[in-house]
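Asks: Numbering (my numbering), first residue to last: 1002 to 1235.
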C-alpha cells in the first residue's frame, strides 16, 4: 500500500518551499546587478544587509521542505505499472538534489559577500563573491531546474501518474528554465545574469508547476479511486 499521507505531506511541503522562496525573493529585491561598480554595489547591499542575510538563512528551511517534496514526488511518480520504470523519477530526484546543492552554495556566496562591511566588499574581492552568487543562483543554476522539470513531466506523461495538464505545464516550465540559462550570453537588463527576464521565463513557470504539483499530491486519492494507472502500484 502507498503511504498517501506521506505524499500529501510532501505536497504541503513544496507549498511551504514556494512560500519561503517568495519571501526570500521579496527580501532581496533591488540587489545590484553584476554590471554595477563595486563601490555602488557595496552601498546598495549594505542598505539591505539584514534582510539579505535573513534571505540567505531561509535557504536552510527551504532546502528541508524541498527535499521532503522530492522524496514524496519520487514515490508518487514511481508508482507506475511494473516493467515500465525507466528511471525518470530517480532522475528528477537527483536533479532536485543538485538544485538544493546549488541553492545552498549560492546562499553561502551571498552570505560571504554581504557579511563584510562595504569597504571590504569594494576592496577585498568580495564583489567577485557576489558575482558568483548571482551566477550560481541564476544563469546555469537553472540547468538542474530544467532537467528536474523535464524528468518529472516526462514521467507523468509516460505513466499517466498525474493529470496530463501537469505534464504539459512541466514541459513549458522546463523549456523556460532552459531559456534562462542563456542569460550568460547577455549583459545588462533585461536579459543579463540575475535580471528580470530570467526570473520571468525561468523561476515563475517553475514555481507555478511546483504549486500545481503540490496540490495534486495533496489531493491524491490513489489509495482508493485515483488514477487507474497507479492504483495497482505498491
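The beta carbon of each residue, even a glycine, is placed where N, CA and C say it ideally should be.
1. Our contact map puts residue 1211 next to residue 1015 with C-beta atoms below 8 Å; I'd like the distance itself, whole angstroms only.
2. Say whether the region 1192 to 1201 touches the region 1045 to 1063, bearing in mind that this needs 3 or more beta-carbon pairs closer than 8 Å, one atom from each stretch.
3. Taking the continuous alpha helix (DSSP H) assigned at residue 1161, which residues delimit it?
4. Report buried or exposed for residue 1022, applying the criterion of at least 16 other Cβ atoms within 10 angstroms of its Cβ.
5. Distance check for residue 1188 and residue 1067, CA to CA, integer angstroms please.
6. Grab the span of the alpha helix (DSSP H) containing residue 1052 for me, first residue to last.
7. Please state if the CB of residue 1013 and the CB of residue 1219 are separated by a distance shorter than 8 Å.
8. Closest by CA to residue 1129, which one among 1038, 1026, 1017?
9. Please classify residue 1035: does DSSP put it in a helix, a strand, or coil?
10. Would residue 1104 and residue 1144 qualify as a contact pair, given that the criterion is a beta-carbon distance under 8 Å?
11. Just the C-alpha distance for residue 1062 and residue 1024, rounded to the nearest angstrom, thanks.
12. Assuming contact is defined by CB atoms lying nearer than 8 Å, are residue 1078 and residue 1089 in contact in what I supplied?
13. Cα separation between residue 1108 and residue 1058?
14. Just to confirm before moving on: does the CB-CB distance between residue 1011 and residue 1074 stay below 8 Å?
15. DSSP state of residue 1087, grouped into three classes?
16. When DSSP labels each residue in this structure, what does residue 1102 get in the three-state scheme?
17. Residues in its own chain within less than 6 Å of residue 1047 by CB, not counting five upstream and five downstream?
18. List the endpoints of the continuous alpha helix (DSSP H) containing residue 1128.
19. Taking 8 Å as the threshold (C-beta atoms), are residue 1178 and residue 1205 in contact?
20. Residue ranges of each alpha helix (DSSP H) run of no fewer than 4 residues wholly in the region 1164 to 1202, ordered along the chain?
21. Candidates 1159, 1135, 1017, 1127: which alpha carbon is nearest residue 1087's?
22. Is it true that the CB of residue 1009 sits closer than 8 Å to the CB of residue 1032?
23. Please return the same chain residues whose Cβ sits closer than 8 Å to the Cβ of residue 1084, not counting the five positions on each side in sequence.
24. Report the CB separation of residue 1139 from residue 1034 in whole angstroms; it is logged as a contact under 8 Å.
25. Going by other Cβ atoms of all chains shown within 10 Å of its Cβ, with 16 needed for buried, is residue 1020 buried or exposed?
Replies: Straight from the coordinates:
1. 5 Å
2. no
3. Careful: residue 1161 lies outside any alpha helix (DSSP H) and carries neither H nor E.
4. buried
5. 31 Å
6. 1050 to 1058
7. yes
8. 1038
9. coil
10. no
11. 12 Å
12. yes
13. 7 Å
14. yes
15. coil
16. helix
17. 1119
18. 1127 to 1138
19. no
20. 1165 to 1181
21. 1159
22. no
23. Any reading at residue 1084 is ruled out, since the residue's pLDDT is 46, under 50, leaving its predicted position unreliable.
24. Actually they are not in contact, since the Cβ atoms of residue 1139 and residue 1034 sit about 11 Å apart, beyond 8 Å.
25. exposed
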